Ligand code: FES
Ligand code: FES
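Chains as they are written, first to last, in my numbering: chain A, 3 to 203; chain B, 19 to 174.
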């Protein structure tokens, strides 16, 4: 008798585990594994995204995510002098390719081209516009792999945490303002993802 | 010591690696066809080719040019026969001439990548080269002419 009870218990536990795994797989198809269903908190997620939003709108970040095809420059985000354009790969065109002037590192001194080994802007097929986007629209775009460079939310967090060109924003060279804290920015986005990545209205 | 290859010739220069390439070209190698205008990547007078791309030598530390092919206006062709040089002469483009080596080096990248440029392509390629004499319309005409010369296989 006892033996039967134990094996039925084992069977029940196994069934529960299998159901949990199936449930996890289903959820996984809908959402990244960084949050569990019970962490979901739409209001908290929206609030966290709104705290991260000013960084995206800062000129160091927004200037290379313009609505048009010219990169922007300066804290007033004016179109780049010299009619510089996005070009077929987001690396400029002809004699005005980004890397011609924007080299591997910032040049010392004010009003000289800043630099980074990865200097470029989004390519025309994946424009990732920040300029003019409301928090809700930007949030939806950032979540959509078809518009965010094919990233999952986890990859997005990794990208904003470690990507060298992203990090350049906080090391922009002489005479350029910096966005609000990078550590807090990443924290807000992590919270947003953990709480279910709901988007502001 | 820094080894440079300029216009298909090897040079060794004893120089601080931070020195702008423009200084080395003009002061150390005597290649004075490339001009100094602003020193801040704004005007294009100092444009040379680094592995075929139009860099501004005034903001290019010489160390960046090591191991690369550097081409200046003196080396664009063997005998000033590049289609752009022919067209520049035919259209009598230069006024004072100060900006022109930079203009031609930028236009050479345009013609290589787009053999039949429209006016918009010329604007996209050339707006970074300032001409204080305002010879822009002649520059435009000469680029169209150079495209035709190049298309007919002319130029050396
Ligand atoms: S002198 Fe180099 S761009 Fe003006
Ligand atoms: S011809 Fe004088 S600056 Fe261009």
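The beta-carbon is built from N, C-alpha and C at its ideal position, and this holds for glycine as well.
This one's a predicted model, so the numbers in the text were calculated from it and none came from an experiment.
Taking C-beta atoms as the reference points, residue 84 of chain B and residue 21 of chain B count as a pair closer than 9 Å. In this structure, residue 127 of chain B and residue 96 of chain A form a Cβ contact; the two beta carbons are roughly 5 Å apart against a cut-off of 8 Å.
Leaving aside the five residues that flank residue 192 of chain A on each side, the residues in its chain whose CB is nearer than 7 Å to its CB run, in chain order, 159. In terms of CA proximity to residue 109 of chain B, B/155 leads the group B/155, B/172, B/29. By the 16-neighbour rule on beta-carbons within 10 angstroms, residue 70 of chain A is exposed.
Taking C-beta separations shorter than 6 Å and ignoring five residues to either side along the sequence, the partners of residue 49 of chain B in its chain run 43, 90, 92, following chain order.
Around the beta carbon of residue 114 of chain B, a 10 Å sphere encloses fewer than 16 other beta carbons of the protein chains shown; the residue is thus reported as exposed.
For residue 67 of chain B, DSSP records a beta bridge to B/72, B/89. Against residue 137 of chain B, chain A offers no close residue; the least beta-carbon distance is about 12 Å (beta-carbon pairs closer than 7 Å). Note that the C-beta distance between residue 136 of chain A and residue 61 of chain A is not below 9 Å.
Taking C-beta separations shorter than 7 Å and ignoring five residues to either side along the sequence, the partners of residue 141 of chain A in its chain run 51, 201, 202, following chain order.
For residue 75 of chain A, the nearest beta carbon of chain B is not closer than 9 Å to its own beta carbon.
Contacts with chain B (Cβ-Cβ distance below 7 Å) from the segment 96-115 of chain A involve 96, 97, 98, 99, 102, 103, 105, 109, 113, 114, 115, listed in chain order. Note that the C-beta distance between residue 78 of chain B and residue 105 of chain A is below 9 Å. Here the distance from the Cβ of residue 110 of chain A to the nearest heavy atom of ligand 2 is not below 8 Å. Not one heavy atom of ligand 2 sits closer than 8 Å to the Cβ of residue 199 of chain A. Residue 75 of chain B sits buried, since 16 or more C-beta atoms from the chains shown fall within 10 Å of its C-beta. In the DSSP assignment, residue 30 of chain B forms a beta bridge with B/21. The DSSP assignment places 137-145 as complete runs of the alpha helix (DSSP H) inside the segment 128-158 of chain A, in order along the chain (cut-off: 4 residues). Less than 9 Å divides the Cβ of residue 122 of chain B from the Cβ of residue 102 of chain B.
Closest in C-alpha terms to residue 188 of chain A, from the list A/78, A/157, A/109, comes A/157.
For residue 118 of chain A, there are no neighbours in chain B by C-beta distance under 8 Å, as the nearest C-beta there is about 14 Å away. In the three-state scheme derived from DSSP, where H, G and I count as helix and E and B as strand, residue 38 of chain B is classed as strand.
Contact of residue 147 of chain B with chain A is assigned, a C-beta pair being separated by under 9 Å. Between ligand 1 and the CB of residue 51 of chain B, the shortest heavy atom gap is not smaller than 8 Å. Contact annotation for residue 176 of chain A against chain B: no contact, minimum CB-CB distance about 13 Å [criterion: below 9 Å]. Relative to the Cα of residue 61 of chain B, the nearest Cα in the group B/116, B/171, B/132, B/34 belongs to B/116. Short of 6 Å from the beta carbon of residue 130 of chain A, and not among the five residues preceding or following it, lie these beta carbons of its own chain, in chain order: 67, 124.
Rounded to whole angstroms, the separation of the alpha carbons of residue 166 of chain A and residue 127 of chain A is 22 Å. Contact between the segment 45-59 of chain A and the segment 105-116 of chain A is absent: fewer than 3 CB-CB pairs across the two stretches fall below 8 Å.
Residue environment analysis places residue 144 of chain B among the buried positions, since at least 16 neighbouring C-beta atoms fall within 10 angstroms of its C-beta. Residue nearest to residue 93 of chain A within the set B/164, B/71, B/19 is B/71 (criterion: CA-CA distance).
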